[in-house]
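In UniProt numbering, the protein residues as written are 1 to 310.
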Amino acid sequence: MERTVVLITGCSSGIGQHLALRLASDPSRSFKVYATLRDLRAQGPLWEAARARGCPPDSLETLQLDVRDSDSVAAARARVTEGRVDVLVCNAGRGLLGPLEAHAASAVSSVLDVNVAGTVRTLQAFLPDMKRRRSGRVLVTGSMGGLMGLPFNAVYCASKFAIEGLCESLAVLLPPFGIHVSLIECGPVRTAFQDKLEGGPGGALDCTDAQTRHLFSLYQRHCERVFRETAQDPEEVTEVFLTALRAPQPALRYFSTERFLPLARLRLDDLSGRSFVAAMQRAVFADESAEAGAGGLGAPEPGAPPATPQ
Ligand SMILES: NC(=O)c1ccc[n+]([C@@H]2O[C@H](COP(=O)([O-])OP(=O)(O)OC[C@H]3O[C@@H](n4cnc5c(N)ncnc54)[C@H](OP(=O)(O)O)[C@@H]3O)[C@@H](O)[C@H]2O)c1
1 MERTVVLITG CSSGIGQHLA LRLASDPSRS FKVYATLRDL RAQGPLWEAA
51 RARGCPPDSL ETLQLDVRDS DSVAAARARV TEGRVDVLVC NAGRGLLGPL
101 EAHAASAVSS VLDVNVAGTV RTLQAFLPDM KRRRSGRVLV TGSMGGLMGL
151 PFNAVYCASK FAIEGLCESL AVLLPPFGIH VSLIECGPVR TAFQDKLEGG
201 PGGALDCTDA QTRHLFSLYQ RHCERVFRET AQDPEEVTEV FLTALRAPQP
251 ALRYFSTERF LPLARLRLDD LSGRSFVAAM QRAVFADESA EAGAGGLGAP
301 EPGAPPATPQ
């Protein structure tokens, strides 16, 4: 039986690593997984976990792939011995958190380069062959931050909104080539993501004013609570990738959780954006409005949906 060849970006930790292990250890033994990493020196934990899970030795291979470097992407593609990738998973990503004016220009460029241009580079490298073969699946790790604006995540959200447009455009074009593009929209997931934020947590906060710093501290408190109450394990999220991968006619979007959909729907129900902005302000800065009373941002509505950091 010919195995399904899967190549995943960003496998040093988190969702990418768990997905690589899940597929490589699948009892069907029907996957050959190329787990790619920006820096192969970080591959130790992946192999340790592969041994612990009993992944068959020929089910998993690691390759260097830095999505910022098209030569690195092309070199990884050339090292796929089967000569084809059936399923491409664009997962590599970086976060950027804090007031906009606190971000170094290099941090902004880096996040846009990894999250947007990096995904484009990866797709450019693998789509032409899929088109020639008239077959392929593309799974992209999306985010609720790509479906709604989150305060203090402006650049990250801009990058993930861009991914939505990229994937939606391709999803319209590619079915006649036998290629399906699916976004796996994740809410908060327990990974190393928060520890690897570009520029650290918040950026240069002394570059901003006292009120913004105060709102940022409220936001951080809100995030801690939302993470504590709602974050998913990567194992749970990887099952959603499998659902998309196995669907005969995959949808454009799959959601790891339905918890944040009421806020996302609000954006579409009121295209002026007023309802969404008000609801998001209430959800995130609820503590502030309690402190400020009627003149504040508005009291939280009972049962108001939570807003997520990612
Ligand atoms: N965790 C969440 O709450 C959450 C929620 C929604 C969406 N997401 C998305 O999920 C994806 C995976 O994130 P995660 O949560 O699993 O966090 P993670 O553990 O930090 O994983 C991110 C992966 O991307 C890799 N990466 C960063 N820059 C790269 C580059 N230039 N080239 C190749 N790989 C690169 C990282 O490698 P290094 O270790 O080498 O930097 C790491 O392996 C991201 O796209 C993120 O936006 C995460």
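Ideal placement from N, C-alpha and C gives every residue a C-beta, glycine not left out.
Residues that DSSP places opposite residue i in a beta bridge
i	result
C90	V140
F126	F126 is not bridged to any residue.
H180	R137
Q232	V189
Q64	L37
F255	E185
Cβ neighbours of residue i in the same chain (closer than 6 Å, five flanking residues each side left out)
i	result
K32	R3 and V5
L88	L7, F126 and V138
G303	Per-residue confidence for G303 stands at a pLDDT of 40, beneath the threshold of 50, marking its modelled position as unreliable; the derived number appears in the next sentence. Here the set comprises nothing.
K160	S143, G145 and G146
Supposed contact pair residue j and residue i - C-beta distance, whole angstroms, cut 8 Å
i	j	result
A50	L60	6 Å
R53	R133	Not confirmed; about 31 Å, so no contact.
C167	V181	5 Å
E198	V120	Contact doesn't hold; Cβ gap of about 19 Å is too wide.
T9	T122	6 Å
A192	G14	6 Å
Residue interval of the beta strand (DSSP E) (run including residue i)
i	result
P35	Looking at the sequence provided, one finds Ala at residue 35 rather than Pro. F31 to L37 is the span of the beta strand (DSSP E), which, as asked, contains A35.
Of the residues the options, the one placed nearest residue i, counting alpha carbons only
i	options	result
Q220	T36, F152 and T243	F152
C157	V116, D39 and D129	V116
V252	F241, F260, R259 and P262	Per the sequence shown, residue 252 should be read as Leu rather than Val. For L252, the nearest C-alpha among the options comes from F241.
L63	E185, Q124, E48 and A42	A42
V189	T122, W47 and F227	F227
M130	R22, F161 and R77	R77
G202	E224, H18 and H103	H103
L205	G98, S159, C223 and S169	G98
Neighbourhood of residue i by C-beta, 8 Å cutoff - its chain only, sequence neighbours within 5 removed
i	result
A264	M144, L147 and M148
E164	G142, G146, L147 and L183
beta-carbon residue i near ligand 3 non-hydrogen atom, thresh 8 Å
i	result
N91	Questions concerning ligand 3 fall outside what the structure shown contains, since the ligands it does hold are ligand 1.
Extent of the continuous alpha helix (DSSP H) to which residue i belongs
i	result
H18	G14 to A24
residue 330	The displayed coordinates of the chain run from 1 to 310. Any statement about residue 330 would go beyond what the structure contains.
L7	Per DSSP, L7 belongs to no alpha helix (DSSP H); it is in the beta strand (DSSP E), T4 to I8.
G165	A154 to L173
A102	Here A102 belongs to no alpha helix (DSSP H), and DSSP marks it neither H nor E.
Q281	R274 to V284
Residues of its chain near residue i, where Cβ-Cβ distance is below 7 Å and the 5 sequence neighbours each way are ignored
i	result
A294	Residue confidence for A294 is low, a pLDDT of 33 falling below 50, so the modelled location carries little weight; the figure read from the coordinates is stated next. Within the same chain, A294 has no close Cβ partners at all.
E101	C207 and T208
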